[in-house]
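Down below is the structure, laid out as structure tokens.
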Amino acid sequence: MKKLEFPLVMHDKKSKLDYFLASREKCFNVKDVMTLYNSLLALPEEQIEKLSSLKLISPRAAQILSVFLGVLSIDRFYCRNVKLGLLKLFTISACGFWWLADIFAIRAAARRMNCKILRNFMLHPVKEEDSD
């Protein structure tokens with residue numbers, strides 16, 4: 612017997628927002644997102660639909676980059692921390708100690724940056740011409 616599949620249809624803002632957050636739960640700290648939840652619900656319907664176009668940072672990819680290329684501070688550049696990336700690069704990862712610490716701390720840094728990306732989206736929504 613063939614299983615019936617129905618398309619996922621979401622009619623209201625809350626269900627669209629819940630789906631966005633549930634599908635990207637590993638990209639955020641739950642506590643940080645819950646503080647932004649009511650502000651996100653206040654966004655217009657078309658802005659909530661544009662949430663899926665946000666380019667978020669994968670904490671898992673950041674940690675893999677940190678293990679293999681962290682000495683060159685590629686992990687910090689991937690997490691969009693250019694100032695810290697340059698500082699880490701020019702200090703040669705503080706003789707390896709910074710590299711070792713970042714292996715454990717880079718996931719939290721990626722999640723913090725994703726919350727910052729979400730806050731910036733709420734303050735400065737993506738325009739039609741910017742999405743290309």
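First residue of the sequence shown? That's 612 in the working numbering, and the numbers climb one at a time after it. Glycine included, C-beta positions come from ideal geometry on N, C-alpha and C.
- In this structure, the CA atom of asparagine 692 is about 19 Å from the CA atom of aspartate 643.
- Counting along the chain, glycine 696 sits inside the alpha helix (DSSP H) bounded by residues 693-701.
- Judged by their CB atoms, lysine 699 and arginine 687 are nearer to each other than the 7 Å cut-off.
- Residue range 624-634 is occupied by the alpha helix (DSSP H) that includes lysine 627.
- For phenylalanine 679, the secondary structure class from DSSP, reduced to helix, strand or coil, is helix.
- The beta carbons of alanine 721 and alanine 673 sit closer together than 7 Å.
- Every alpha helix (DSSP H) stretch that sits fully inside the segment 702-730 and reaches 4 residues is listed by chain position as 703-706.
- Contact between asparagine 731 and cysteine 638 is ruled out by a C-beta separation of about 15 Å, above the 8 Å threshold.
- When C-beta atoms of the segment 649-659 are compared with those of the segment 677-686, fewer than three pairs fall below 8 Å, so the two segments do not count as touching.
- With contacts defined as CB atoms closer than 7 Å, serine 677 and isoleucine 728 fail to qualify as a contacting pair.
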